[in-house]
Amino acid sequence: SVSVLRKPLARRGSKERLLTNHAGTMAEKIKGYMTVKVEEASGKNKRDEYKWDGYDFEGFVKVEIRGGPRNVKVQSKAIKVEGSSIYWNEDLVLEVLEGATELRLILCRKKLPGSSQSSVIAACGIYMNDIMEAVPIDKYFELFKPGQGGDGGFIRVGMTYAAG
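FYI, my numbering numbers position 36 of the sequence shown as 49, with every residue one higher than the one before it.
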């Protein structure tokens, strides 16, 4: 495993950081900041069929921007399912780094007692170029179950971008 040490650069007003690891150094350029407003998720697909496993759990959303020198990750609070939906109405802010290629929305079930980790219910990936051309966005995105790739319901998010 490679350890990463983050230090601010000495240049005043710079939006760069220096990452140091066993392999050497590389500059990390922050292009701006993406605000993702996680509104709600529904376990029903287009045919109104319920697709999540169970109704009695707490779910949260991991938002990841992949590509570039590192992946940027944040997550929402865990909220209990109401009927067939979860409602957050929560703003999450992520750094957008030079070279970022994909934004992932990952709906997770909070870990159960006795379990060491949370489980992924469904997810989707969106190309950063598509997002950057369309912001501001307020839209439902179709979710897919990992592995089998079947319907996983929908998630509604809003996205805005501010250049850094």
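The beta carbon of each residue, even a glycine, is placed where N, CA and C say it ideally should be. Just so we're clear, the structure is a prediction, and the values are computed from it rather than from any experiment.
Best match in the options for proximity to residue i [C-alpha to C-alpha]
i	options	result
residue 119	78, 61, 58	78
residue 111	153, 81, 71	81
residue 109	142, 121, 126	142
Range of the contiguous beta strand (DSSP E) that encloses residue i
i	result
residue 113	113-122
residue 83	Looking at the DSSP string, residue 83 is not in any beta strand (DSSP E), and its letter there is neither H nor E.
residue 133	132-140
residue 101	98-110
residue 66	Note, residue 66: premise wrong, no beta strand (DSSP E); not H, not E.
residue 165	164-176
Coil, strand or helix - residue i by DSSP
i	result
residue 146	helix
residue 35	Model confidence at residue 35 stands at a pLDDT of 42, short of 50, so the residue's coordinates are unreliable; what they give is reported in the following sentence. Looking at residue 35 - three-state DSSP - the assignment turns out to be coil, as it is neither helix nor strand.
residue 94	coil
residue 62	coil
residue 161	coil
Nearest-angstrom beta carbon gap, residue j and residue i [assumed within contact, 8 Å]
i	j	result
residue 117	residue 136	6 Å
residue 65	residue 166	6 Å
residue 87	residue 72	That pair is no contact at about 16 Å.
residue 85	residue 107	5 Å
Residue i: CB within 7 Å of a non-hydrogen atom of the ligand GTP
i	result
residue 171	In the structure shown, the ligand GTP is absent, as is every other ligand, since no ligand is present at all.
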